[in-house]
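Residue numbers (the UniProt record's numbering): 1 to 481.
Okay, so here's the structure we're looking at.
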């Protein structure tokens with residue numbers, strides 16, 4: 001099935017959008033999971049609406065991918081032309097037999113081309129993956145059966161091979177937050193050979209076995225919790241144990257999952273979990289991060305008193321304002337993009353839609369921002385000359401690139417300054433009649449208690465440590481080397 005211009009455009013748009021919105025995209029296991037001698041069904045988790053197909057499109061950079069779409073939306077000829085150009089495959093959900101339902105998918109896989117499916121069905125915001133549907137399993141099994149029963153060559157003269165299901169875990173450090181991190185993890189392909197004999201006897205039961213294997217693989221590739229409190233407590237503990245790393249951790253998935261399992265399984269840590277919950281809520285209410293208070297803890301020389309707070313505020317202000325001559329023009333030029341994205345985020349209810357909406361709003365705002373900038377440069381710098389137009393375009397591209405590559409450091413610098421200002425406001429300006437100052441003193445006591453508990457669990461030697469505790473300990477020790 002040939003890919004058209006729309007597929008090339010969408011692939012490039014996905015690459016630029018993801019590079020602009022997220023600070024890093026880490027891809028693990030793609031080369032090991034795929035070869036060129038068979039098609040694949042990439043079965044991915046689905047937490048972020050249109051961003052998930054875009055992320056997979058970006059991760060599988062060497063190939064174009066097909067996506068399922070309802071056959072009813074192909075009725076309009078213009079929509080059908082665009083969808084076919086993108087590589088969407090019509091799925092007839094009204095068909096009573098699986099062969100009819102998936103015939104277009106079989107046609108694609110016969111050409112040795114791969115397809116993306118989301119076995120969870122709809123996108124969601126849950127603490128773990130949701131129940132998987134059996135569609136991907138039936139496709140893989142039916143196709144493998146047809147290839148076995150009727151060996152054939154495709155139009156390119158290649159022997160048609162059965163497809164394997166590749167589990168793909170898409171993990172977001174914070175899926176709707178600007179400059180967060182994506183980790184795309186490809187698992188070991190699930191081949192259909194060993195299931196075919198059983199499939200001819202008990203199709204539904206065998207398909208469920210394949211789905212079960214897929215579910216186990218996806219669970220091992222992603223971060224999952226039975227509930228939100230345990231997941232959020234694990235995030236807070238991770239930020240305290242690995243300060244300043246956030247999503248930029250080589251072992252993000254392993255450490256996050258181990259911390260969740262520790263809080264779920266070890267009931268003797270209930271008090272620590274409760275303290276982490278209270279601490280996280282207090283920080284959110286006071287618009288602070290743990291790193292804003294880390295330099296004032298009991299193990300540091302600095303104390304949470306006005307003199308040290310003033311000193312740190314001046315230091316952070318000086319660092320911020322030293323970069324202002326360079327940063328201010330870049331920030332002001334892109335301010336409309338920030339404002340429209342922030343406005344949209346505040347009014348959007350569903351978390352899984354926010355990142356998609358921010359990127360789409362920014363996409364149509366970029367021409368509005370950059371067209372006046374381009375015309376201004378072309379006139380004032382190049383006097384509307386023919387060659388000057390190309391220089392103006394090049395200057396605009398460099399300006400955009402400079403914004404993306406420099407924003408992480410400036411954004412972090414601003415967040416550190418904002419945290420120091422919140423403390424300065426509470427302890428020196430004393431807005432809130434001293435209530436915030438008292439709350440912060442109590443929060444620091446709570447933080448010290450949490451740190452003591454974390455030290456006891458992860459920094460002491462114990463032969464009875466569980467596997468999860470050992471994983472976290474190894475991660476901590478690797479930072480100390």
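Glycine residues also receive a C-beta, built at the ideal position from the N, C-alpha and C atoms.
Model, not experiment: these values are computed from the prediction.
Problem set entry | Boundaries (first-last residue) of the beta strand (DSSP E) holding residue 10 | Careful: residue 10 lies outside any beta strand (DSSP E), inside the alpha helix (DSSP H) at 5-21.
Exercise. Over what stretch of residues does the alpha helix (DSSP H) that includes residue 295 continue unbroken?
Worked result: Note, residue 295: premise wrong, no alpha helix (DSSP H); not H, not E.
Exercise. In three-state terms, what does DSSP make of residue 328?
Worked result: helix
Exercise. Taking C-beta to C-beta, are residue 243 and residue 291 nearer than 8 Å?
Worked result: yes
Exercise. If you compare alpha carbons, which of 404, 204 and 85 is closest to residue 142?
Worked result: 204
Exercise. Quick one: what does DSSP say residue 42 is sitting in, helix, strand or coil?
Worked result: strand
Exercise. Less than 8 Å separating the beta-carbons of residue 420 and residue 313?
Worked result: yes
Exercise. Bridge partners of residue 186, per DSSP?
Worked result: 168
For this session: Report buried or exposed for residue 442, applying the criterion of at least 16 other Cβ atoms within 10 angstroms of its Cβ.
Result: exposed
Exercise. Opposite residue 117 in the DSSP bridges: which residues?
Worked result: 43
Problem set entry | Enclosing alpha helix (DSSP H) for residue 270 [first to last residue] | 270-285
Problem set entry | Spatially closest choice to residue 329 from 458, 26, 407 and 217, by CA coordinates | 407
For this session: Identify every run of the alpha helix (DSSP H) within the region 181-261, keeping only runs that are complete inside it and at least 4 residues long; order them along the chain.
Result: 196-201, 203-221 and 228-241
For this session: Return the CA-CA distance between residue 444 and residue 51, expressed in angstroms with no decimal places.
Result: 39 Å
Exercise. For residue 63, which three-state DSSP category applies?
Worked result: coil
Problem set entry | Distance between residue 230 and residue 253 (C-alpha atoms, nearest Å) | 15 Å
For this session: Could you tell me if residue 473 is buried or exposed, where buried requires 16 or more neighbouring beta carbons within 10 angstroms of its beta carbon?
Result: buried
Exercise. Which word fits residue 148, buried or exposed, when buried means at least 16 other C-beta atoms lie within 10 angstroms of its C-beta?
Worked result: exposed
Problem set entry | For residue 310, the first and last residue of its enclosing alpha helix (DSSP H) | 306-322
For this session: Apply the 10 Å Cβ neighbour rule to residue 261 and answer buried if 16 or more other Cβ atoms are within range, or exposed otherwise.
Result: buried
Exercise. When the Cα of residue 460 is compared with those of 449, 237, 477 and 447, which residue comes out closest?
Worked result: 477
Problem set entry | Which of helix, strand or coil DSSP assigns to residue 145 | helix
Exercise. Taking the continuous beta strand (DSSP E) assigned at residue 89, which residues delimit it?
Worked result: 88-91
Problem set entry | Which residues DSSP lists as bridging residue 490, in chain order | Only positions 1 to 481 of the chain appear in this structure, which leaves residue 490 out of reach.
Problem set entry | From 146, 452 and 180, residue whose alpha carbon lies closest to that of residue 200 | 146
Exercise. Candidates 20, 13, 216 and 151: which alpha carbon is nearest residue 161's?
Worked result: 151
For this session: Would you grab the beta carbon distance between residue 551 and residue 83 for me? Rounded to a whole angstrom, and I think it's under 8 Å.
Result: Look at the range of the chain in this structure, 1 to 481, and you will see that residue 551 is not part of it.
Problem set entry | Nearest residue (CA-CA) to residue 46, options 128, 388 and 415 | 128
Problem set entry | CA nearest to the CA of residue 73, picked from 91, 60 and 28 | 91
Exercise. Do residue 165 and residue 196 have their C-beta atoms closer together than 8 Å?
Worked result: no
For this session: Within its chain, find whatever has a CB closer than 6 Å to the CB of residue 266; leave out the 5 residues flanking it on each side and keep chain order.
Result: none
Exercise. Is there contact between the region 266-280 and the region 371-388, where contact requires at least three CB pairs shorter than 8 Å?
Worked result: no
For this session: Could you please give the first and the last residue of the uninterrupted beta strand (DSSP E) stretch that includes residue 375?
Result: Taken as a continuous stretch (DSSP letters only), residue 375 belongs to no beta strand (DSSP E), being part of the alpha helix (DSSP H) at 351-380.
For this session: Please work out which residues of its chain come closer than 6 Å, Cβ to Cβ, to residue 424, disregarding the five sequence neighbours upstream and downstream, and give them in chain order.
Result: 309 and 313
Exercise. Should residue 316 go down as buried or exposed, given a rule of 16 or more other Cβ atoms within 10 Å for buried?
Worked result: buried
Exercise. Name the DSSP bridge partner or partners of residue 69?
Worked result: 90
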